[in-house]
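> Just dropping this structure here.
Below, the structure written as structure tokens:
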């Protein structure tokens, strides 16, 4: 990856193009939803394995 496809830590791990074209908020919300679902699945799996 080079140029505008590079993710920048200072931009919240978004590409400059994502920020410029206003896609940042949507991408961050999508990441949060994925994270929430992943944590829920891990919690449920852990509960069933330890029960």
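Numbering (my numbering), first residue to last: 553 to 603. Even for Gly, the Cβ is constructed at its ideal location relative to N, Cα and C.
1) I need the boundaries of the alpha helix (DSSP H) containing residue 596, first residue and last residue.
2) Span of the alpha helix (DSSP H) holding residue 572?
3) Tell me whether residue 567 is buried or exposed, calling it buried when 16 or more other Cβ atoms sit within 10 Å of its Cβ.
4) Suppose you measure from the CA of residue 582 to the CA of residue 603; what does that come to, to the nearest Å?
5) Here's a check: name, in chain order, each residue in its chain whose Cβ is nearer than 7 Å to the Cβ of residue 559, leaving out the five neighbours to either side.
This is what the structure gives:
1) Here the alpha helix (DSSP H) through residue 596 covers 576-602.
2) That run of the alpha helix (DSSP H) goes 568-572.
3) The residue is buried, with at least 16 neighbouring Cβ atoms inside 10 Å.
4) Near 32 Å, if we compare the C-alpha coordinates of residue 603 and residue 582.
5) Apart from the 5 residues on each side of it in sequence, residue 559 sits with its Cβ closer than 7 Å to the Cβ of 565, 566, 567 in its chain, given in chain order.
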